[in-house]
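So the first sequence is numbered by numbering that gives the first Met the number 0: it starts at 0 and just counts up by one.
Read the structure below first, then the notes.
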Amino acid sequence: MEVEESSPSSPLSSPSSSPSSDSIDLNFLPFLKREPKSEPASPEHDSLPPSEATAAVAAPYVSPTPATPDLYSAAVMTPLQSLPPYPDEDALFSEYCRLASLYLLSAGSGAIVPAPTPEATAPAVVHPGSGSAVKKRRPRSSELVRVSSLSVRDQIYFRDVVRRARITFESLRGLLLKDDERAEALGLAGAIGLAPVDRRRVRADMRAAALMADRDLWLNRDRRIVGPIPGISVGDAFFFRMELCVLGLHGQVQAGIDYLSAGHSASGEPIATSIIVSGGYEDDDDRGDVLVYTGHGGRDPNLHKHCIDQKLEGGNLALERSMAYGIEIRVIRAVKSKRSPVGKVYFYDGLYKVVDYWLDRGKAGFGVYKYKMIRIEGQEPMGSVNYRAAEHLKVDALSMRPTGYLSFDVSMGREIMPVALYNDVDDDRDPLLFEYLVRPIFPSSAVQGKFAEGGGGCGCTENCSIGCYCADRNGGEFAYDKTGILLRGKPLVYECGPYCRCPPSCPNRVSQKGLKNRLEVFRSRETGWGVRSLDLIKAGTFICEFSGIVLTHQQSETVAANGDCLVHPNRFPSRWLDWGDISDVYPEYMAPNHPAIADLNFSIDVSRARNVACYFSHSCSPNVFIQFVLFDHYNMSYPHLMIFALENIPPLRELSIDYGMVDEWVGKLTM
DNA sequence: GTGGGTTCAGGCGT
DNA sequence: CACGCCTGAACCCA
Numbered sequence: 000m001e002v003e004e005s006s007p008s009s010p011l012s013s014p015s016s017s018p019s020s021d022s023i024d025l026n027f028l029p030f031l032k033r034e035p036k037s038e039p040a041s042p043e044h045d046s047l048p049p050s051e052a053t054a055a056v057a058a059p060y061v062s063p064t065p066a067t068p069d070l071y072s073a074a075v076m077t078p079l080q081s082l083p084p085y086p087d088e089d090a091l092f093s094e095y096c097r098l099a100s101l102y103l104l105s106a107g108s109g110a111i112v113p114a115p116t117p118e119a120t121a122p123a124v125v126h127p128g129s130g131s132a133v134k135k136r137r138p139r140s141s142e143l144v145r146v147s148s149l150s151v152r153d154q155i156y157f158r159d160v161v162r163r164a165r166i167t168f169e170s171l172r173g174l175l176l177k178d179d180e181r182a183e184a185l186g187l188a189g190a191i192g193l194a195p196v197d198r199r200r201v202r203a204d205m206r207a208a209a210l211m212a213d214r215d216l217w218l219n220r221d222r223r224i225v226g227p228i229p230g231i232s233v234g235d236a237f238f239f240r241m242e243l244c245v246l247g248l249h250g251q252v253q254a255g256i257d258y259l260s261a262g263h264s265a266s267g268e269p270i271a272t273s274i275i276v277s278g279g280y281e282d283d284d285d286r287g288d289v290l291v292y293t294g295h296g297g298r299d300p301n302l303h304k305h306c307i308d309q310k311l312e313g314g315n316l317a318l319e320r321s322m323a324y325g326i327e328i329r330v331i332r333a334v335k336s337k338r339s340p341v342g343k344v345y346f347y348d349g350l351y352k353v354v355d356y357w358l359d360r361g362k363a364g365f366g367v368y369k370y371k372m373i374r375i376e377g378q379e380p381m382g383s384v385n386y387r388a389a390e391h392l393k394v395d396a397l398s399m400r401p402t403g404y405l406s407f408d409v410s411m412g413r414e415i416m417p418v419a420l421y422n423d424v425d426d427d428r429d430p431l432l433f434e435y436l437v438r439p440i441f442p443s444s445a446v447q448g449k450f451a452e453g454g455g456g457c458g459c460t461e462n463c464s465i466g467c468y469c470a471d472r473n474g475g476e477f478a479y480d481k482t483g484i485l486l487r488g489k490p491l492v493y494e495c496g497p498y499c500r501c502p503p504s505c506p507n508r509v510s511q512k513g514l515k516n517r518l519e520v521f522r523s524r525e526t527g528w529g530v531r532s533l534d535l536i537k538a539g540t541f542i543c544e545f546s547g548i549v550l551t552h553q554q555s556e557t558v559a560a561n562g563d564c565l566v567h568p569n570r571f572p573s574r575w576l577d578w579g580d581i582s583d584v585y586p587e588y589m590a591p592n593h594p595a596i597a598d599l600n601f602s603i604d605v606s607r608a609r610n611v612a613c614y615f616s617h618s619c620s621p622n623v624f625i626q627f628v629l630f631d632h633y634n635m636s637y638p639h640l641m642i643f644a645l646e647n648i649p650p651l652r653e654l655s656i657d658y659g660m661v662d663e664w665v666g667k668l669t670m
């Protein structure tokens with residue numbers, strides 16, 4: 000089992016623990032052992048050394064028998080070679096349980112609620128419309144843990160768990176929105192659709208979260224995590240508060256301070272675990288690494304003005320207690336963004352410590368509690384900082400980076416957005432040596448004659464709608480929502496093409512329109528040449544095409560003998576199966592009658608002409624995937640290789656793709 | 001701008 | 001004490 004990737008840096012993991020060992024090391028928080036309760040902020044409240052608690056629970060993680068990765072349905076075509084075998088989740092879970100009971104024995108405290116048994120966590124699969132017997136949702140656990148060090152393998156595992164939950168959430172939301180539109184278009188009060196219609200629930204994000212909650216699909220509810228959440232990196236971007244709840248990053252749907260309540264804490268004191276800096280408090284003072292955060296409460300429900308003094312209770316007290324115990328706080332910042340459905344994006348900015356607090360007089364003249372928080376050093380750059388930096392780079396690149404630009408547009412105007420070329424590492428100028436090819440060049444024999452017409456196009460004079468020829472081609476539904484987000488990965492997507500009468504604004508024309516994000520080819524010491532975006536890329540968004548000179552099977556055999564750079568489309572793992580997979584909620588939805596796609600045996604020669612896609616780095620936990628698309632010709636054996644985002648990709652994060660079997664050409668291109 | 005809507009903490013009662 | 005019910009608090013999203 001090989002893991003090529005360098006591990007994401009884990010700022011809190013102790014340097015002494017081996018990153019490669021297969022161990023999950025949970026440090027139960029030492030303060031849970033403290034019996035005496037004391038007054039807030041008394042000086043004897045310094046944090047306890049974690050040593051004894053750590054030693055008590057350090058237990059080797061025995062790897063369970065490898066389970067078939069259930070990320071991929073039975074329809075998967077080729078097993079993914081680059082992914083590690085997934086630990087069986089039940090086994091993982093029982094490991095948490097065992098540690099919990101160990102702790103109970105050693106601490107002798109009955110105040111900790113034992114973790115639920117695996118049976119209790121088994122998802123109650125409820126089919127839509129089948130009686131809808133309301134199942135009781137499991138309450139949040141009060142077991143407070145810190146996940147201190149994860150092996151590389153565990154990190155990839157949790158990243159995939161989180162990605163799967165996020166895809167489920169976002170796909171459900173997209174489908175519910177589409178369903179609303181369809182119901183509206185038909186003039187029905189939602190008579191059709193996936194979910195039972197509930198007029199009280201209007202917001203798709205809430206409905207999606209509720210569907211997941213009913214099936215126990217929310218993450219990290221069986222333990223309250225202090226510090227980093229496994230599978231979530233500093234800099235990750237989110238679009239909905241509900242999504243933060245689903246992932247367990249921040250459990251309050253509205254409140255800015257999430258905390259373990261006093262009643263559930265062993266010491267009887269509330270403990271804060273995360274905050275959201277949404278800019279809603281006029282007394283906040285955010286300097287990035289140093290943050291003065293305002294406590295909650297004391298405000299009029301409608302006017303966002305303070306009208307009474309805040310009290311040191313609830314989340315306010317929890318922040319103070321976290322300061323006393325030295326508990327780190329996850330900080331999530333809301334930033335305005337046009338790319339977000341709600342105009343806001345939430346960045347996970349990493350861990351902070353509360354270093355001071357005081358009662359101040361706010362701008363409205365009433366008492367507010369203020370908390371000075373300092374970011375823990377050694378973490379990845381903040382998402383919100385990268386976002387602002389990228390916004391600046393888009394308008395005035397040279398003031399931030401006076402040197403290093405080899406080109407402001409390596410496509411020389413051929414793409415509709417410029418593609419910058421940047422190298423501040425060495426003097427390599429390699430990408431300048433190639434012809435930039437926006438579209439692949441197919442062999443004429445493959446795209447002429449009957450392949451070009453392919454049965455003609457639709458006759459729609461307006462934008463295409465359900466029932467038109469092109470919708471039928473896609474199995475009766477369009478692949479994209481109205482904003483151009485791919486709803487679900489498919490073996491093949493048919494966009495409208497030159498033989499269609501619909502206008503260019505037709506929503507079934509997406510990937511054929513080219514780049515929508517400011518991409519940048521850059522040089523890095525770790526991955527050679529790579530690609531990143533200055534724009535925040537929402538999951539499911541089209542990014543770019545994989546271009547080059549397309550060779551037939553026979554041609555590629557000849558060329559390969561000469562040692563040229565060939566990309567084989569059939570070697571990309573079928574990651575499109577992941578995108579739009581909601582089988583956790585609707586198992587029957589994941590049994591699509593996909594037409595058997597032809598075995599693609601062409602290859603793409605990128606030795607002479609190429610585009611930006613060529614510089615994507617490889618990862619076995621990628622953030623983009625390939626979707627095959629046809630639009631300008633209809634030869635199923637020669638589809639376009641379109642690249643879509645598998646996750647929300649924050650600005651300046653490297654784009655990575657799973658190349659499957661890594662040929663020497665990957666090395667060549669990125670050396 | 002307005003309002004419907006969610007989860008959670010905490011209090012109270014059984 | 002444990003559990004369930006209810007209310008208020010938080011303010012997000014359409």
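The beta-carbon is built from N, C-alpha and C at its ideal position, and this holds for glycine as well.
Residues near residue i by beta carbon distance below 8 Å, same chain, minus five either side
i, result
"Asn516", "Met416, Ser532, Leu533, Asp534, Ile536, Thr540 and Ile542"
Chain-order list of residues whose beta-carbon lies under 6 Å from that of residue i (same chain, five-residue window excluded)
i, result
"Glu434", "Ala608"
"Phe239", "Asp204"
"Val160", "Gly230"
"Phe615", "Val530, Leu654 and Ile656"
"Glu281", "Lys362"
Pair within 7 Å by beta-carbon distance, residue i and residue j
i, j, result
"Ser273", "Arg329", "yes"
"Leu218", "Leu246", "yes"
"Val549", "Phe601", "yes"
"Gly314", "Ile375", "no"
"Ala212", "Arg172", "no"
"Pro572", "Leu599", "no"
"Val344", "Ile373", "no"
"Gly366", "Asp308", "yes"
"Gly529", "Glu653", "yes"
"Phe643", "Leu485", "yes"
"Gly382", "Gly234", "yes"
"Arg145", "Gly226", "yes"
"Gly456", "Gly403", "no"
Residue i burial status per 10 Å Cβ neighbour count (16 or more: buried)
i, result
"Asp425", "exposed"
"Gly412", "exposed"
"Arg139", "buried"
"Ile23", "Here Ile23 scores only 31 on pLDDT, less than 50, and its place in the model should not be relied on; the value that follows carries that caveat. Looking at its Cβ environment, which holds 16 or more other Cβ atoms inside 10 Å, Ile23 is buried."
"Phe407", "exposed"
"Ile625", "buried"
"Leu518", "buried"
"Ser443", "exposed"
"Trp357", "exposed"
"Val394", "exposed"
"Pro78", "Reliability of the predicted coordinates at Pro78 is poor, the pLDDT of 22 falling under 50, and the value obtained from them is presented with this limitation in mind. Per the 10 Å Cβ criterion, exposed."
"Ser504", "exposed"
"Ile166", "buried"
"Ile270", "buried"
"Cys306", "exposed"
Terminal residues of the alpha helix (DSSP H) in which residue i lies
i, result
"His391", "Gly382 to Val394"
"Tyr324", "Gly313 to Tyr324"
"Arg206", "Ala203 to Asp213"
Per DSSP, cross-strand counterpart(s) of residue i
i, result
"Ser410", "According to DSSP, which records beta bridges pairwise, Ser410 is partnered with nothing at all."
"Val276", "Arg332"
"Glu327", "Lys352"
"Arg298", "His305"
"Ile603", "Val549 and Val566"
"Ile648", "Ile536"
"Val291", "Asp284 and Lys371"
Beta-carbon proximity list for residue i, same chain, < 7 Å, skipping 5 on both sides
i, result
"His391", "Met399"
"Lys310", "Gly296"
The beta strand (DSSP E) enclosing residue i, as first and last residue numbers
i, result
"Lys371", "Gly366 to Arg374"
"His639", "His639 to Ala644"
"Glu544", "Phe541 to Glu544"
"Glu519", "Leu518 to Ser523"
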